[in-house]
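Colleague:
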Amino acid sequence: MKKLILLLALVVTGGLLHAQLVEKDGIYYDFNNNPYSGTYIEYYPEGNVHIEMRVQDGKKDGTTTYYFEDGSKKEVRNFKNNKMDGTWITWDEDGTKVAEARYDNGKKHGKWFIWDENGTLRYEMEYNQGTKTGIWAIYNESGELISEREY
7 MKKLILLLAL
17 VVTGGLLHAQ
27 LVEKDGIYYD
37 FNNNPYSGTY
47 IEYYPEGNVH
57 IEMRVQDGKK
67 DGTTTYYFED
77 GSKKEVRNFK
87 NNKMDGTWIT
97 WDEDGTKVAE
107 ARYDNGKKHG
117 KWFIWDENGT
127 LRYEMEYNQG
137 TKTGIWAIYN
147 ESGELISERE
157 Y
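Quick note: the sequence shown uses the numbering used here, first residue 7, plus one each step.
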């Protein structure tokens, strides 16, 4: 029982510390004005998690997840040293994936996909270190190719 009370106290205290983080010019600081390292969690007024992100030395580093008010995932982004790096995925409120993209050191890099609310692929794009490359495609509501452009 004492362990449970201690665990609850740590969880509540941790939540209060997260609520006291301040962001200045892209750097997150704790209540002592030191660059924060750890997991930052922000809640909706009803108590569900709104944002959960990893921070290292005040900078986003690792996975940041955004949630809808019902608790389902809205968006997942990956960061390295405060720059987007890796996969970025977005879902609608019904749980349908609507976008998937990739970044490398803050630059668009790799394949990008956009789906409609029915889950049909509508756009396919590609970047190489921020520059458009490859074949870009547009699809209609039935998923049929209607336009292509090569970069």
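Beta carbons are placed, not taken as given, at the ideal position from N, Cα and C, and that holds for glycine.
(1) Alpha carbon to alpha carbon, how far is Gly44 from Val55? Give it in angstroms, no decimals.
(2) Ignoring anything shorter than 3 residues, give me the beta strand (DSSP E) runs that lie fully in the stretch 77–146, in order along the chain.
(3) Give the secondary structure of Tyr49 by DSSP, where H, G and I count as helix, E and B as strand, and everything else as coil.
(4) Less than 6 Å between C-beta atoms, sequence neighbours within five positions excluded: which residues of the same chain meet that for Val82?
(5) Can Tyr50 and Leu27 be called in contact, C-beta distance under 8 Å?
(6) Determine whether the beta carbon atoms of Glu156 and Ile144 lie at a separation below 8 Å.
(7) I'd like the list of long-range same chain contacts for His89, defined as Cβ closer than 7 Å, with 5 residues on each side in sequence excluded.
(8) In angstroms, rounded to a whole number, what distance separates the CA positions of Glu147 and Lys114?
(9) Which residues in the same chain as Thr102 place their Cβ atom closer than 8 Å to its Cβ, once the five residues preceding and following it in sequence are excluded?
(10) So, using beta-carbon positions, are Glu99 and Lys117 closer together than 8 Å?
(11) For Ala105 and Trp97, what's the separation of their Cα atoms in angstroms?
(12) Compute the Euclidean distance between the alpha carbons of Asn39 and Ile33, then round it to the nearest angstrom.
(13) Under DSSP, the beta strand (DSSP E) around Tyr156 begins and ends at which residues?
(14) I need the straight-line Cα distance from Lys138 to Glu154, nearest angstrom please.
Modeller: Looking at the coordinates:
(1) Numbered from its first residue, the sequence shown carries residue 55 at position 49. Numbered from its first residue, the sequence shown carries residue 44 at position 38. Rounded to whole angstroms, Val55 to Gly44 spans 16 Å at the Cα level.
(2) 79–86, 92–97, 103–110, 116–121, 127–134 and 141–145
(3) Within the sequence shown, the letter at position 43 stands for residue 49. Strand.
(4) Within the sequence shown, residue 82 is the residue found at index 76, counting from 1. Excluding the 5 residues flanking it on each side, Val82 has same chain C-beta neighbours closer than 6 Å at Thr71 and Ile95, in chain order.
(5) What you label residue 50 is simply residue 44 of the sequence shown in a count that begins at 1. What you label residue 27 is simply residue 21 of the sequence shown in a count that begins at 1. No; because the gap between Cβ atoms is not below 8 Å, this pair is not in contact.
(6) By 1-based counting over the sequence shown, the position of residue 156 is 150. By 1-based counting over the sequence shown, the position of residue 144 is 138. Not closer than 8 Å, so no.
(7) As a working mapping, residue 89 is identified with position 83 in the sequence shown. Looking at the sequence provided, one finds Lys at residue 89 rather than His. Take Lys89, set aside five residues on each side of it, and the residues of its chain with a beta-carbon closer than 7 Å to its own are Asn111 and Gly112, in chain order.
(8) Counting from 1 along the sequence shown, the entry for residue 147 is found at position 141. Counting from 1 along the sequence shown, the entry for residue 114 is found at position 108. Those two C-alpha atoms are separated by around 26 Å.
(9) By one-based count along the sequence shown, residue 102 stands at place 96. If we look at Thr102 and ignore the five residues flanking it on each side, its Cβ neighbours are Trp121, Glu123, Asn124 and Gly125.
(10) Reading the sequence shown from its first residue, position 93 is the one you call residue 99. Reading the sequence shown from its first residue, position 111 is the one you call residue 117. Not a contact, by the Cβ cut-off of 8 Å.
(11) If you number the sequence shown from 1, residue 105 lands on position 99. If you number the sequence shown from 1, residue 97 lands on position 91. Cα to Cα, Ala105 sits roughly 7 Å from Trp97.
(12) Indexing the sequence shown from 1 puts residue 39 at position 33. Indexing the sequence shown from 1 puts residue 33 at position 27. Each residue's alpha carbon lies about 11 Å from the other.
(13) Sequence index remark: in the sequence shown, residue 156 carries index 150 (1-based). As written in the sequence, residue 156 is Glu, which differs from the Tyr given in the question. Where Glu156 is concerned, the enclosing beta strand (DSSP E) stretches over Leu151 to Glu156.
(14) In the sequence shown, counting from the first residue as 1, residue 138 sits at position 132. In the sequence shown, counting from the first residue as 1, residue 154 sits at position 148. Lys138 and Glu154 have their C-alpha atoms spaced approximately 13 Å apart.
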